[in-house]
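Visitor: Can you keep this structure in mind? I'll have questions shortly.
There are 2 protein chains.
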Amino acid sequence: MTSDSLLQRILQESHEMGTAEARVARFVSTQPNQVLHMSMAKLSEECDVSDPTIMRFCRRFGFQGYQDFKLYLAQSLVPSAPFAYEQIVAGDSVENIVRKTARNSLNAIQRGLEDIIPAQIEAGAKLLNGATWIGIYSSGISEITGVDAEHKFQRLGLRCAAVNGRKKQWLHAETSKPSEVALIFSQSGHTKQMVEVATAVRARGARVVSITAADSPLASISDVLIAVTPYERTELLTPIASRLNHHLVVNMLVTSMAVISGSEFPDQLPALDSWQTDKI
Amino acid sequence: MTSDSLLQRILQESHEMGTAEARVARFVSTQPNQVLHMSMAKLSEECDVSDPTIMRFCRRFGFQGYQDFKLYLAQSLVPSAPFAYEQIVAGDSVENIVRKTARNSLNAIQRGLEDIIPAQIEAGAKLLNGATWIGIYSSGISEITGVDAEHKFQRLGLRCAAVNGRKKQWLHAETSKPSEVALIFSQSGHTKQMVEVATAVRARGARVVSITAADSPLASISDVLIAVTPYERTELLTPIASRLNHHLVVNMLVTSMAVISGSEFPDQLPALDSWQTDKI
DNA sequence: CGCAATATATAGTATCACTACGTATCCACA
DNA sequence: TGTGGATACGTAGTGATACTATATATTGCG
C-alpha cells in the first residue's frame with residue numbers, strides 16, 4: 001500500500017490525462033462519497049463522458065475495473081485517526097505522559113499493521129507448528145518478548161524455551177536438532193550474538209524464524225523472516241513503542257498457530273488461570 | 001455506529017439465522033477479503049445457497065443490497081478503521097488474524113486511554129520513587145508484566161525485583177520493611193494470593209501500589225490504586241488485549257517516575273543496548 | 001498537408017444484482 | 001395425529017450493469 005492516498009494520486013495524475021478523463025478525475029476527487037453509490041452509467045453521465053473512459057480511468061491506477069476501483073476508493077475514504085508520534089519531554093505533566101504514551105503505542109501498532117505481512121506470519125506459524133522443540137533467542141531489551149513468547153507457546157502445548165544469556169544460547173544453538181526451530185527476536189538484526197546463533201542453528205540442520213528488520217544480516221540467513229520495521233526515532237521516554245510490534249507478532253503467531261493446527265483455542269486460558277489461582 | 005464492528009455483528013447474529021443464512025455468515029466473517037471480490041453468484045455457490053439468501057443476509061443488517069453491503073464491508077476492513085473489537089474465530093485466515101489482532105490491541109489501548117486516571121499514575125509513581133526497594137508481585141498470566149516492570153525499573157536505577165511463585169512471594173512479603181513498596185499486578189483483583197500478599201505487606205508497614213480492577217478486594221486494601229478495567233469479553237484467541245493495558249501502565253509509571261524525579265531520561269537505552277551488544 | 005498516435009465514443013454482450021413467486025420445513029394447537 | 005400458518009429457502013425471470021471490441025474523432029509532428 002502506498003503512502004499516498006488514492007485521492008491524492010488521482011489529483012496528481014489528472015494533469016497527464018485527456019480532457020474527458022480529467023473531468024472524471026475532477027468529479028471523483030471532489031465528490032468521492034457520491035461516486036461510491038453510483039453506477040458507471042450515472043458517473044459517465046455526470047461527467048459527460050462515455051463509460052469506457054471511466055474504465056480507462058480506473059485501469060490507469062492499476063485497478064481491474066470500476067468495481068475494483070470503487071472498493072478501494074471506499075476503503076481510502078474511511079476516516080482514519082492518525083496518531084502521530086509525540087515525544088515526551090522533561091517537563092511534561094503526568095496527564096500528558098499518560099496521553100502521549102497511549103497515543104504513541106497506538107501509532108506504533110498502526111505502523112506495524114501496515115508493515116507486517118500476513119504471509120510471513122503464516123510461514124512462521126507453520127514452521128513453528130512442525131517443530132519438535134522451539135528455542136527462543138533474544139537479547140537485551142527483547143528478552144522479555146522472548147519470555148512472553150515462551151509463555152504463550154507453552155499454553156498451546158508446544159515444547160519450547162526462552163534461552164537467554166550468551167553462554168546458554170551457545171549451548172542450545174550448537175546442539176540443535178534438524179527437527180527443531182529457532183525463534184529469534186532482534187530489533188535491528190545486526191546484533192552479532194543473534195546472527196551467530198542463527199548460523200550455528202542452521203549449521204546443525206535446524207530452521208530459523210526471525211522477527212527482525214528486513215534487509216538485515218539476521219534476516220538474510222533466516223529460513224522465515226517476519227519483517228518488523230524498527231523505529232528510527234530515538235525513543236526517549238517511550239520504552240514500549242519499539243517492542244510493541246514484536247509483542248504483536250508473537251500474538252499473531254500464537255493465534256495463527258492455534259487456528260492453523262486446528263487445535264482447541266489457546267485461550268481457554270482465563271479458565272486455566274482461575275483453575276490454578278484461588279479467587280476470593 | 002455501534003461499538004461492534006460489522007464482522008462482530010455478523011458473528012453475533014449468525015446464531016439467530018437459519019442454516020443457509022448462517023453458512024453465509026460464517027464464510028463472510030472468516031474470509032471477508034475474498035468476499036469483496038466476489039459476485040453474488042460466486043458467493044452463493046461457495047456457500048451452497050441461492051442468491052436471494054444472500055440478499056436477505058445483507059438486508060438483515062440494514063443494507064440496501066449486496067453492493068451496499070460490500071462497500072461497507074470494505075470500509076470496515078481497512079486496518080485503521082474505528083477500532084471496534086473483533087473476535088477471532090476458528091476458521092479465520094491468517095490475514096484476518098493479523099488484522100484483528102492489531103485492531104483489538106488498538107481498541108484495548110484506546111479504552112485504556114479513557115479509563116486510566118493520570119492522578120493515580122502520579123500517586124503511584126511518587127510512592128515508587130520514594131521506596132528503598134520495590135517488590136513486584138504478580139501471578140499467572142501477569143508474571144511477564146511483572147518481569148517487564150522489573151526490567152524497566154532497573155533501567156531507572158531503582159532497586160526492585162519481580163517476585164514470582166507463591167513461596168517466594170510469601171517470603172518477601174512477610175519480610176517487608178516500612179520503607180519499601182509492593183507493586184502488585186492482578187487482572188481481576190480477586191486473586192487470593194495477591195490479596196494475601198498485599199495484606200502481609202501492609203502489616204509490615206510497607207505500602208502497596210496495585211494495578212487492578214477498581215472495586216475489587218485487592219483495590220480496597222491498596223495504598224494507591226491504579227484502576228484498569230478488565231475485559232469482560234471472553235478473550236478467545238486474543239491473548240494480548242487483556243494484558244496490554246497493564247503494560248501501558250508500566251510504561252506510564254516508568255516515564256512519570258523519570259520525569260518526576262527529574263532524573264536523566266531512562267531511555268538513553270538504545271545506546272545502553274548497543275553498548276553491551278556487539279553489532280555487525 | 002497527411003500520417004501516426006492518442007483520445008474518446010458507439011454498439012454489443014455476458015454477467016450481475018435484484019424481484020416476484022413458488023415450495024419445502026417447522027411449529028402451535030385442534 | 002393432523003392441519004393451518006408462518007418461516008426459511010430456492011427457482012425463474014428481468015432490467016440494469018460492467019466490461020469488450022471496434023469505430024471515429026482529435027491531436028501532434030515531419
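Protein sequence lines, in the order shown, are assigned to chains G and Z.
Here the numbering used here is used: the first residue of the first sequence is 1, the next is one more, and so on.
Here the numbering used here is used: the first residue of the second sequence is 1, the next is one more, and so on.
Backbone N, C-alpha and C fix where the C-beta goes; we use that ideal spot for every residue, glycine too.
Since this is a predicted model, take the numbers as computed values, not measurements.
Using the C-alpha atoms, what's the distance from residue 231 of chain Z back to residue 96 of chain Z?
Guide: Against the second sequence, residue 96 of chain Z aligns to sequence position 96. Against the second sequence, residue 231 of chain Z aligns to sequence position 231. Using only the alpha carbons, I get a separation of about 22 Å.
Visitor: So what's residue 20 of chain Z in DSSP terms, helix, strand or just coil?
Guide: By 1-based counting over the second sequence, the position of residue 20 of chain Z is 20. If DSSP states are grouped into helix, strand and coil, residue 20 of chain Z belongs with the helices.
Visitor: Identify whether residue 231 of chain Z lies in helix, strand or coil by the three-state DSSP scheme.
Guide: Indexing the second sequence from 1 puts residue 231 of chain Z at position 231. Coil.
Visitor: Can you give me the C-alpha to C-alpha distance between residue 41 of chain G and residue 51 of chain G, rounded to a whole angstrom?
Guide: For this step, residue 41 of chain G is matched to residue 41 along the first sequence. For this step, residue 51 of chain G is matched to residue 51 along the first sequence. C-alpha separation (whole angstroms): 6 Å.
Visitor: Does residue 1 of chain Z come within less than 8 Å of chain G when only Cβ atoms are used?
Guide: Position 1 of the second sequence, counting from 1, holds the residue named residue 1 of chain Z. Reliability fails at residue 1 of chain Z, whose pLDDT of 39 lies under 50, so the model's placement of it is uncertain and the value that follows must be treated cautiously. Judged by the 8 Å Cβ criterion, residue 1 of chain Z is not in contact with chain G.
Visitor: Determine whether the Cβ of residue 269 of chain Z lies closer than 8 Å to any Cβ atom of chain G.
Guide: Numbered from its first residue, the second sequence carries residue 269 of chain Z at position 269. Its pLDDT being 47, under 50, residue 269 of chain Z is placed unreliably by the model, and the measurement read from it follows with that caveat. Yes, contact with chain G.
Visitor: Taking DSSP as the reference, what is the three-state secondary structure of residue 156 of chain Z?
Guide: For the purposes of this step, residue 156 of chain Z is taken as residue 156 along the second sequence, with counting starting at 1. Coil at residue 156 of chain Z, not helix or strand.
Visitor: Helix, strand or coil for residue 72 of chain Z per DSSP?
Guide: As a position in the second sequence, residue 72 of chain Z is number 72, starting the count at 1. Reduced to three states, the DSSP call for residue 72 of chain Z is helix.
Visitor: Under a three-way DSSP split, which group does residue 273 of chain Z fall into?
Guide: Numbered from 1 along the second sequence, position 273 holds the residue referred to as residue 273 of chain Z. Its pLDDT being 48, under 50, residue 273 of chain Z is placed unreliably in this model, and the value from its coordinates should be taken loosely. Residue state, collapsed to three classes: helix.
Visitor: Based on the DSSP output, what are the partners of residue 329 of chain G in its beta bridges?
Guide: Any question about residue 329 of chain G goes unanswered here, given that chain G covers just 1 to 280.
Visitor: Using the C-alpha atoms, what's the distance from residue 199 of chain G back to residue 57 of chain Z?
Guide: Counting from one through the second sequence, the residue named residue 57 of chain Z turns up at place 57. Counting from one through the first sequence, the residue named residue 199 of chain G turns up at place 199. When rounded, the distance between both Cα atoms is 54 Å.
Visitor: Once DSSP output is grouped into helix, strand and coil, what is the label at residue 207 of chain G?
Guide: For the purposes of this step, residue 207 of chain G is taken as residue 207 along the first sequence, with counting starting at 1. Note: residue 207 of chain G maps to strand in three-state DSSP.
Visitor: Do the region 243-255 of chain G and the region 92-108 of chain Z meet, that is, are 3 or more Cβ pairs less than 8 Å apart?
Guide: The region 243-255 of chain G, when compared against the region 92-108 of chain Z, does touch it at the 8 Å Cβ threshold.
Visitor: Which word fits residue 262 of chain G, buried or exposed, when buried means at least 16 other C-beta atoms lie within 10 angstroms of its C-beta?
Guide: The count along the first sequence starts at 1 and reaches residue 262 of chain G at position 262. Residue 262 of chain G should be labelled exposed.
Visitor: Can you tell me which of the three DSSP states residue 162 of chain G falls into?
Guide: Residue 162 of chain G sits at position 162 when you count from the first residue of the first sequence. Residue 162 of chain G falls in the strand class under three-state DSSP.
Visitor: Would you say residue 71 of chain G faces chain Z, with C-beta separation under 8 Å as the test?
Guide: Along the first sequence, one-based indexing puts residue 71 of chain G at 71. Chain Z, which has a Cβ nearer than 8 Å to the Cβ of residue 71 of chain G, makes this yes.
Visitor: Going by other Cβ atoms of all chains shown within 10 Å of its Cβ, with 16 needed for buried, is residue 152 of chain Z buried or exposed?
Guide: Against the second sequence, residue 152 of chain Z aligns to sequence position 152. That one is buried.
Visitor: Go through its chain and collect everything with a Cβ distance to residue 252 of chain G's Cβ below 6 Å, but skip five positions before and after it.
Guide: As a first step, residue 252 of chain G must be located in the first sequence, where it is residue number 252. Counting only Cβ-Cβ distances below 6 Å, and skipping sequence neighbours, we find 121.
Visitor: Kindly say whether residue 11 of chain Z, judged by its beta-carbon, lies nearer than 8 Å to any beta-carbon of chain G.
Guide: Counting from one through the second sequence, the residue named residue 11 of chain Z turns up at place 11. Not an interface residue.
Visitor: Put residue 199 of chain G into one of helix, strand or coil per three-state DSSP.
Guide: Indexing the first sequence from 1 puts residue 199 of chain G at position 199. Of the three classes helix, strand and coil, the one that applies to residue 199 of chain G here is helix, per DSSP.
Visitor: What distance in whole Å lies between the Cβ atoms of residue 74 of chain Z and residue 75 of chain G, which are believed to be in contact at a cut-off of 8 Å?
Guide: Taking the first sequence and counting its residues from 1, one reaches residue 75 of chain G at position 75. Taking the second sequence and counting its residues from 1, one reaches residue 74 of chain Z at position 74. That belief holds up - the Cβ atoms of residue 75 of chain G and residue 74 of chain Z are roughly 5 Å apart, short of 8 Å.
Visitor: Out of curiosity, what's the CA-to-CA distance linking residue 207 of chain Z and residue 172 of chain Z?
Guide: The residue labelled residue 207 of chain Z in the question sits at position 207 within the second sequence. The residue labelled residue 172 of chain Z in the question sits at position 172 within the second sequence. C-alpha separation (whole angstroms): 13 Å.
Visitor: From this set, G/180, G/93 and G/167, which residue's C-alpha is nearest residue 159 of chain G's C-alpha?
Guide: As a working note, residue 159 of chain G is residue 159 in the first sequence. Checking every option, the nearest Cα to that of residue 159 of chain G belongs to G/180.
Visitor: Is residue 243 of chain G buried or exposed, if buried means 16 or more other CB atoms sit within 10 Å of its CB?
Guide: Locating residue 243 of chain G in the first sequence gives position 243, counting from the first residue. Residue 243 of chain G is buried by the Cβ-count criterion.
Visitor: Looking at residue 125 of chain G: is its Cβ nearer than 8 Å to the Cβ of residue 14 of chain G?
Guide: What you label residue 125 of chain G is simply residue 125 of the first sequence in a count that begins at 1. What you label residue 14 of chain G is simply residue 14 of the first sequence in a count that begins at 1. No, these two residues do not count as a Cβ contact at 8 Å.
Visitor: With 8 Å as the limit, tell me which residues of the region 97-115 of chain G have their beta carbon closer than that to any beta carbon of chain Z; keep them in chain order.
Guide: Going along the region 97-115 of chain G in chain order, one finds 97, 98, 99, 101, 102, 103, 105, 106, 109, 110, 112, 113 and 114 with a Cβ nearer than 8 Å to chain Z.
Visitor: Does any C-beta atom of chain Z lie closer than 8 Å to the C-beta of residue 283 of chain G?
Guide: The requested residue 283 of chain G is not part of the displayed model; chain G covers only 1 to 280.
Visitor: Three or more C-beta pairs closer than 8 Å, one from the region 211-220 of chain G and one from the region 181-197 of chain G: is that the case here?
Guide: A contact exists between the region 211-220 of chain G and the region 181-197 of chain G.
Visitor: With DSSP as the reference, please indicate the residues paired to residue 181 of chain Z in a beta bridge.
Guide: Counted from its first residue, the second sequence places residue 181 of chain Z at position 181. In DSSP, residue 181 of chain Z forms a bridge with Z/134 and Z/207.
Visitor: Got a sec, what are the start and stop residues for the alpha helix (DSSP H) residue 105 of chain G sits in?
Guide: Translated into the one-based positions of the first sequence, residue 105 of chain G becomes position 105. Taken as a continuous stretch (DSSP letters only), the alpha helix (DSSP H) holding residue 105 of chain G covers 94-115.
Visitor: Am I right that residue 162 of chain G and residue 136 of chain G are in contact with their C-beta atoms under 8 Å? What's the rounded C-beta distance?
Guide: Here residue 162 of chain G is taken as the residue at index 162 of the first sequence, counted from 1. Here residue 136 of chain G is taken as the residue at index 136 of the first sequence, counted from 1. Right, their Cβ atoms sit about 4 Å apart.
Visitor: Can you check whether the CB of residue 6 of chain Z is closer than 8 Å to the CB of residue 71 of chain G?
Guide: As a first step, residue 71 of chain G is located in the first sequence; it is residue number 71 there, counting from the start. As a first step, residue 6 of chain Z is located in the second sequence; it is residue number 6 there, counting from the start. Not closer than 8 Å, so no.
Visitor: Please report how far the alpha carbon of residue 48 of chain Z lies from the alpha carbon of residue 20 of chain Z, in whole angstroms.
Guide: To locate residue 48 of chain Z, count along the second sequence from 1; it is residue 48. To locate residue 20 of chain Z, count along the second sequence from 1; it is residue 20. Cα to Cα, residue 48 of chain Z sits roughly 8 Å from residue 20 of chain Z.
Visitor: Is the distance from the Cβ of residue 194 of chain G to the Cβ of residue 218 of chain G below 8 Å?
Guide: Residue numbering aside, residue 194 of chain G sits at position 194 when the first sequence is read from its first letter. Residue numbering aside, residue 218 of chain G sits at position 218 when the first sequence is read from its first letter. It is a contact, given that the beta carbons lie within the stated cut-off.
Visitor: Select from the region 241-264 of chain G all residues with a C-beta closer than 7 Å to any C-beta belonging to chain Z, and list them in chain order.
Guide: The region 241-264 of chain G vs chain Z, Cβ under 7 Å: 247, 248, 251, 252, 254, 255, 256, 258 and 259.
Visitor: Run down chain G in chain order and give the residues with a C-beta less than 7 Å from the C-beta of residue 90 of chain Z.
Guide: Against the second sequence, residue 90 of chain Z aligns to sequence position 90. Under the 7 Å cutoff, chain G gives 259.
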